[in-house]
């Protein structure tokens, strides 16, 4: 009877520990996602309405060009976080769609083409993930194996791009 009680206690302790670890990890993923959503909105705040609407022919201010180039870095960072397992499936679906869409709109597409042509522009950032995402909107740098299964179990919270 004593051994049965010990087994039950160990099973309950294991289940409780697993649930606690899962909850902590889920909260951490959400915190990471929130930080990147805040960075995204702070970059958009630097852009004029003409730039945000993608009006071709609009002359960019120097600050806007810098914000767009920082957006490329942010997007690469987001994809890298996804590859490390810190972005949930629901969030990546929103982010990757938004990134792909944005990269194909003026003036983002023009600056991206310049970045790809300029061999020195990628010196500190190779944009490995962003280059693939620009070519394939379905690109997902997600890890495989156990990390992938763990990510799938991390619940999303709806739209993670800062919009509702």
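In the numbering used here, the protein residues as written are 78 to 241.
No residue lacks a Cβ here, since even glycine has one placed at the ideal position from N, Cα and C.
Quantities reported herein were computed from a predicted structural model and do not represent experimental measurements.
Among the options, nearest to residue i - alpha-carbon criterion
i: residue 114; options: 146, 152, 162; result: 152
i: residue 180; options: 212, 140, 109; result: 212
i: residue 144; options: 127, 130, 122; result: 122
i: residue 112; options: 167, 146, 158; result: 158
i: residue 217; options: 124, 166, 120, 194; result: 166
i: residue 149; options: 90, 116, 219; result: 116
i: residue 164; options: 82, 220, 202, 80; result: 220
i: residue 206; options: 185, 191, 195, 177; result: 177
i: residue 173; options: 208, 183, 142; result: 208
i: residue 184; options: 92, 130, 194, 193; result: 130
i: residue 65; options: 89, 141, 169; result: The displayed coordinates of the chain run from 78 to 241. Any statement about residue 65 would go beyond what the structure contains.
i: residue 191; options: 88, 82, 146; result: 146
Outcome for residue i when other beta-carbon atoms lying within 10 angstroms are tallied against a minimum of 16
i: residue 95; result: exposed
i: residue 84; result: exposed
i: residue 118; result: exposed
i: residue 98; result: exposed
i: residue 124; result: buried
i: residue 110; result: buried
i: residue 203; result: exposed
i: residue 128; result: buried
i: residue 171; result: buried
i: residue 210; result: buried
Item to check | Within the segment 165 to 189, ranges of the alpha helix (DSSP H) (whole runs, at least 4 residues) | outcome: 166 to 180
Next on the checklist: Quick test of the definition: if touching needs 3 or more C-beta pairs under 8 angstroms, does the segment 129 to 147 touch the segment 92 to 110?
Outcome noted: no
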